[in-house]
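**Q** Below are the structure tokens for one structure; questions will follow.
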Amino acid sequence: MTQIVACIDGSVMSGAVCDAAAWASQRAQAPLKLLHVLEKNDVPAAATLAGNIGLGSRENLLLELAELDEKRNKLALEHGRDLLDDAEIRSKADGAIAVTKQQRHGHLLNTLIEGQDDIRLLVIGRQGNSHKPLEHTIGSHLDDVIRSLHKPILVAMNDFKAPQSFMVAFDGSETAQRALDAYANSTVLVGLPCHLVMVGHDDEAHQQKLESAASLLRSRDFEVTVARLSGDVQSALAAYQVQHDIGLMVMGAYGHSRIRQFFVGSHTRKMVSESQIPLLLLR
Amino acid sequence: MLNSIKRDWLANIRGDLLAGTVVALALIPEAIAFSIIAGVDPKVGLYASFCIAVIISFVGGRPGMISAATGAMSLLMVTLVKDHGLEYLLAASLLTGVIQILAGYLKLGDLMRFVSRSVVTGFVNALAILIFMAQLPELTDVTWHVYAMTAGGLAIIYLFPYVPKIGSWLPSPLVCILAITAIAIIWGIDVRTVADMGELPDTLPIFLWPDVPLTLETLWIILPYSVALAAVGLLESMMTATIVDELTDTESDKNRECKGQGVANIGSSLLGGMAGCAMIGQSIINVKSGGRGRLSTFMAGFLLLIMVVFLDDWIGQIPMAALVAVMIMVSIGTFSWESFRNLKQHPLSTNIVMISTVVVVVATHNLALGVLVGVLLASLFFANKIGRFMVVKQEQVNADERVYRVVGQVFFASSDAFAKSFDFREVVTRVTIDLTHAHFWDITSVSALDKVVIKFRREGADVELIGLNEASATIVDRFGVHDKPEEVEKLLAGH
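Taken in order, these protein sequences are the chains called A and B.
Residue numbers for the first sequence follow this note's numbering, beginning at 2 and rising by one.
Residue numbers for the second sequence follow this note's numbering, beginning at -6 and rising by one.
Spelled out as structure tokens, the structure:
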């Protein structure tokens, strides 16, 4: 049974993540799993620079390190459990279906990839707990998660309001076409009015792609508004969102190769860091 | 990938830089000492330690592990250097690297699972003994000054850390070297110093192709050495990686480490250094000092070269006694003292494996041979144990019929006992051998069964076999049940 998985880490965004996950769970009638990953701290707990080794140094060192890790991890484990309990209460109050909790050791990304087959939709905050609650920064994990995970991802911002409509940034690219198939069949989005928006691309070919996308969505009972904007992609989309009071942005993610993305920066990255509303990223 | 680079290099910058510094200080005496064991100038070992540590920090599979010139490798080079000279050693180191890269691509790192715990313990203890024994030439036929200095050095190493405050941030091996050198200079004591042992580096290493004739003859000279060096280098590296894995509670990529060791050795040989491998003692010091990432290994190699090149006049004045003291510390720290305590609790077979490994290594000075003997012994003991897991039960159905039920593992070690479990003297007309709960693991067991059947026939009995096909399903080399729990259960439960 695939489920909605929400990443809880106790950062300022965890509340919004709970709300968003509960909303998705309720709409898709899918069970919700709250996930807390205990990441290994890379900085050793203690060190001495005495630089000598003697009788039984290795055995003692192992015991000593194990003991320090034990203390540190016990606290982290309990803290995580409390976070999950709070998240459970909050998401149940929000109306989530069948909430379960899970704690895992390891790196978040690896944990998610291992459990990928069970994920129907991943809900994650824009920044994790290692960031100060600044706007316009993207969490240390999010980038990798978006790139590596082949599942839809709902990125929650500081707070979450159940969206009354959603907008799709469509550019006719292959990623956008593939994403179209995904949200046209989405049980989370079904029934919400859709704004299909394209910025730039004033040529015939793109016009046609936009039209066919709109008719595909209409055939799936979406109420579609098509809009064509001009100017800078980010600001045009942002203005449109404010103007129509849209609560959710849907887009295909990371069409470029890693190398190109590293140097050029991608729309997706920029959208994630600048957006005021939650984003649903599809691959 | 970027993320893993960040994690391996930048997650623990302060700890890695400090630990790398501590390790670099301890690497200098080791590199000099191991060059002397191999019979080459100290600069060969120092260049090697620099190259290996720096290269492995990029290409190795175990962040935080220290690799450099090592005693285990030096001991294998002695005769090559004596008979053919340094250039052949460099060529052999190059070939060692090539072999190790091949081993990495063939995934030989996975073979480490056949090396049991007691063999690892034996290896570590043997290594400690070899490092200690290698110091003995410095301690024979010398004046009492040398003994006093060595003892004083050891006292500083082990007592200085108890000095409040500075004891915990000033590496005591460094204090030992500084103090002993100062004493020797101030009182003008005439003892052997590092400068007496050969040339020290005064420049950065330069690229050098080993000056040997590229003939088949050269290959035959260096090949046996290279194979032994590659084997020992990989063994010590894999074991050290396991130890670091355990200490830091993280995982390493063993096959990447094999390839990395190869690349590092090739790099070292082309810059005038000898072959090396991972170092157990130094890696423990690194972890203890808070080193976890690749930066610590890089720092150790880099700083070593800087110090050696710019301080070569001073390093030349270090008395050998100070180095001996540091090396004795490394030897003591490498030795697994736990294994002494465990001798009483562990079964005899385990102890025999461990001690045989040590004895063979100390006798041959070749760690690979010791491991080979240890692994063979451990396998034999294991086969013997599993061979006892076989029983043949007899049942009399009626006066004329006898049923034998075979339960357990039948293979080369138990097939004799299997054949002897049947009573051929008994006069019956029908014999049934029920193999439903047996497993035949090899051809030896099948031929033993054939013999039993023929023997019964000769005595005039009809023989019926039950469940032979299922029992012999385990003979084929690949009966992949690892990933299918239900298959394993079926096998173990009978068919």
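The beta carbon of each residue, even a glycine, is placed where N, CA and C say it ideally should be.
This structure is a prediction, so every number in the text was calculated from the model and none was measured.
1. Hey, D9 (chain B) and G284 (chain B): beta-carbon distance below 7 Å or not?
2. Any beta carbon of chain A sitting closer than 7 Å to that of I278 (chain B)?
3. Would a C-beta distance cut-off of 7 Å place A19 (chain B) and I278 (chain B) closer than the cut-off?
4. Buried or exposed, going by whether 16 or more other CB atoms sit within 10 Å of the CB of Q30 (chain A)?
5. List the residues of chain A that Y151 (chain B) touches, going by C-beta distances under 9 Å, in chain order.
6. Closest Cβ-Cβ distance between T49 (chain A) and chain B: below 7 Å?
7. Report the residues of the segment 12 to 37 of chain B with a CB closer than 9 Å to any CB of chain E, ordered along the chain.
8. When burial is assigned at 16 or more other CB atoms within 10 Å of the CB, is D246 (chain A) buried or exposed?
9. The beta strand (DSSP E) that contains P32 (chain A), what's its start and end?
10. Given a threshold of 16 other Cβ atoms within 10 Å of its Cβ, counted over all protein chains shown, does R270 (chain A) qualify as buried or as exposed?
11. Helix, strand or coil for S60 (chain B) per DSSP?
12. Under 8 Å Cβ to Cβ from D435 (chain B), same chain only, skipping five residues before and after it: list those, please.
13. Relative to the C-alpha of E419 (chain B), which residue among B:E463, B:F291, B:I308, B:E394 is closest?
14. Below 8 Å on the Cβ atoms is my guess for A431 (chain B) versus V456 (chain B); work out the distance and round it to an integer in Å.
15. So L39 (chain B) and V256 (chain B) are in contact, right, with Cβ under 8 Å, and what is the actual spacing, rounded?
16. Contact criterion: CB-CB distance below 7 Å. Does E331 (chain B) meet it with respect to chain A?
17. Establish whether the CB of S165 (chain B) and some CB of chain A are separated by less than 7 Å.
18. Do V139 (chain B) and A314 (chain B) have their C-beta atoms closer together than 7 Å?
19. Would you mind sorting L35 (chain A) into buried or exposed? The rule is 16 or more other CB atoms within 10 Å of its CB.
20. Let me know the alpha helix (DSSP H) ranges lying completely inside the segment 352 to 392 of chain B, each 4 residues or longer, listed in chain order.
21. Which residue marks the beginning of the alpha helix (DSSP H) containing A7 (chain A), and which one marks its end?
22. What do you reckon, are the CB atoms on M58 (chain B) and A271 (chain B) nearer than 7 Å?
23. Please identify, using Cβ separations under 8 Å, the residues of the segment 236 to 256 of chain B that lie next to chain A, in order along the chain.
24. Suppose contacts are defined by Cβ-Cβ distances below 7 Å. Is N53 (chain A) in contact with S407 (chain B) by that definition?
25. Would a check of beta-carbon distances place M58 (chain B) closer than 7 Å to chain A?
26. Whole-angstrom Cβ separation of I154 (chain A) and L282 (chain A), contact assumed at under 8 Å?
27. Decide yes or no for the touch test of the segment 96 to 104 of chain B against the segment 137 to 155 of chain B: beta carbon pairs closer than 8 Å, at least 3 of them.
28. Can you pull the DSSP bridge partners for P312 (chain B)?
29. Leaving out five residues on either side along the sequence, give the residues of the same chain with a beta carbon under 6 Å from the beta carbon of P164 (chain A).
30. Taking only three categories from DSSP, how would you classify R285 (chain B)?
31. Given that T38 (chain A) touches chain B, what residues does it touch there, using C-beta distances under 9 Å?
32. Using a Cβ-Cβ distance under 7 Å, would V273 (chain A) count as near chain B?
33. Can you give me the C-alpha to C-alpha distance between E275 (chain A) and V18 (chain A), rounded to a whole angstrom?
34. Skipping 5 residues on each side, what residues in its chain have a beta carbon closer than 7 Å to that of A464 (chain B)?
35. Leaving aside the five residues before and after Q242 (chain A) along the sequence, list all residues of the same chain whose C-beta is less than 8 Å from its C-beta, in chain order.
36. So, using beta-carbon positions, are C195 (chain A) and L230 (chain A) closer together than 7 Å?
**A** Inspection of the coordinates gives the following:
1. yes
2. yes
3. yes
4. exposed
5. N53, G55
6. yes
7. Annotation note: the requested chain E is absent from the structure, which comprises protein chains A and B.
8. exposed
9. 32 to 39
10. buried
11. strand
12. F404, F405, I468
13. B:E394
14. Not really, about 15 Å apart at Cβ, beyond 8 Å.
15. In fact, because the Cβ distance is near 20 Å, the residues do not count as touching under 8 Å.
16. yes
17. yes
18. yes
19. buried
20. 360 to 380
21. Looking at the DSSP string, A7 (chain A) is not in any alpha helix (DSSP H); the run it does join, the beta strand (DSSP E), is 4 to 8.
22. yes
23. I236, E239, L240, T241, D242, T243
24. no
25. no
26. 5 Å
27. no
28. B:T186
29. G248, L249
30. coil
31. Correcting the residue identity first, residue 38 (chain A) is Val in this sequence and not Thr. Under the 9 Å cutoff, chain B gives no residues; its nearest Cβ is about 14 Å from V38 (chain A).
32. no
33. 18 Å
34. L428, A431, H432, F433
35. M168, M250, Q277, I278
36. no
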